[in-house]
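Under our numbering, residues 2 to 156 are what the sequence shown spells out, in order.
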Amino acid sequence: MTRWGKFAAIVFMATLAAVAGAVVFAYSLEGKSTHRFAPKTRSSLAGHWESNLGGSLQFKENGEFSATNINLEPTCSTTTKDQQPNPRMSGSGEWNFGSPSDDDGPAVVITFKPDGLGVADCTVWGRLGGDDANPEIYLRQDDRTREYYQRPVSK
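Here you go:
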């Protein structure tokens with residue numbers, strides 16, 4: 002093979018590898034946006050969010066927050082009538098944009114008062130994830146458990 006033949010073969014193989022890599026990358030996205038969900042205004046986060054475990058979050062544009070059947074153990078905890086820990090709870094409070102550290106990315110800070118808890122409010126962090134098309138929120142507790150919340154799909 003001549004010098005130019007070897008050069009042409011190398012260029013062809015490099016081009017083929019680059020095209021194959023681009024095709025694999027495009028298929029790996031599966032039509033998902035590459036932009037992480039990072040709302041800048043209250044109106045872009047406001048609304049109803051639901052989890053796969055039956056929890057419900059409600060963010061209002063004026064900063065009010067309410068929740069039903071959410072998991073906050075061990076950050077906040079109420080007890081059942083027989084004095085057993087009750088990690089799933091409901092309540093209300095206020096929210097604002099904030100992050101526990103610069104490394105955590107976009108988040109909200111929630112000052113939450115669980116129903117039936119006669120002590121000070123709990124501070125709960127909601128980490129924002131997903132992308133603009135499929136945004137997600139998970140409540141971050143001390144034990145690092147995750148329960149993802151998404152906007153309900155219209156039926």
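Every residue gets a Cβ at the ideal spot worked out from N, C-alpha and C, and that includes glycine.
Where PRO73 falls: helix, strand or coil (DSSP) = Your numbering for residue 73 matches position 72 in the sequence shown. Here residue 73 turns out to be Leu, not Pro, going by the sequence shown. Three-state result, LEU73: coil.
query = Does the segment 97 to 116 come close enough to the segment 12 to 20 that 3 or more CB-CB pairs lie under 8 Å?
reply = Two segments are said to touch when three or more pairs of C-beta atoms, one from each, lie closer than 8 Å; by this definition the segment 12 to 20 does not touch the segment 97 to 116.
Reference ARG89, options SER102, SER57, ALA108, closest by Cα = Residue 89 sits at position 88 when you count from the first residue of the sequence shown. Ranking SER102, SER57, ALA108 by Cα distance to ARG89 puts SER57 first.
inquiry  = Rounded to the nearest angstrom, what separates ASP132 and ARG37 at their Cα positions?
reply    = Within the sequence shown, the letter at position 131 stands for residue 132. Within the sequence shown, the letter at position 36 stands for residue 37. Those two C-alpha atoms are separated by around 4 Å.
inquiry  = Whole angstroms are fine: how far does the CA of SER91 sit from the CA of LEU54?
reply    = Here residue 54 refers to the residue found at position 53 when the sequence shown is read from its first residue. Here residue 91 refers to the residue found at position 90 when the sequence shown is read from its first residue. When only Cα atoms are considered, LEU54 and SER91 end up about 14 Å apart.
request  = Return the residue from the list GLY117, GLY48, CYS123 that minimises the CA-CA distance to ILE138.
outcome  = Taking the sequence shown and counting its residues from 1, one reaches residue 138 at position 137. Distances from the CA of ILE138 to each of GLY117, GLY48, CYS123 were compared; the closest alpha carbon is that of GLY48.
key: For ARG43, the first and last residue of its enclosing alpha helix (DSSP H)   = Counting from 1 along the sequence shown, the entry for residue 43 is found at position 42. Residues 43 to 46.
ask   = Is it buried or exposed for ASP143, if we count other Cβ within 10 angstroms and need 16 for buried?
value = In the sequence shown, counting from the first residue as 1, residue 143 sits at position 142. Legend: pLDDT at ASP143 = 42, less than 50; position of this residue unreliable, value from coordinates given subsequently. Burial call: exposed.
message = Am I right that GLU51 and PRO136 are in contact with their C-beta atoms under 8 Å? What's the rounded C-beta distance?
response = As a working note, residue 51 is residue 50 in the sequence shown. As a working note, residue 136 is residue 135 in the sequence shown. The Cβ separation is near 12 Å, so there is no contact.
Pick from THR124, ASN63, ASP116 that is closest to PRO101, judged by C-alpha positions = Here the question's residue 101 lines up with position 100 in the sequence shown. Cα-wise, what sits closest to PRO101 is THR124.
message = By the DSSP assignment, the beta strand (DSSP E) with PRO107 in it spans what residues?
response = The count along the sequence shown starts at 1 and reaches residue 107 at position 106. PRO107 -> no beta strand (DSSP E), and no H or E assigned at all.
inquiry  = Check for me: the beta strand (DSSP E) holding PRO153 runs from which residue to which?
reply    = Position 152 of the sequence shown, counted from the first residue, corresponds to residue 153. Taken as a continuous stretch (DSSP letters only), PRO153 belongs to no beta strand (DSSP E), as it is neither H nor E.
PHE98 to LEU17 span [Cα, whole Å] = As a first step, residue 98 is located in the sequence shown; it is residue number 97 there, counting from the start. As a first step, residue 17 is located in the sequence shown; it is residue number 16 there, counting from the start. Distance between the alpha carbons of PHE98 and LEU17 is about 46 Å.
Helix, strand or coil at LEU54 [DSSP, three-state] = Position 53 of the sequence shown holds residue 54. Coil, per DSSP.
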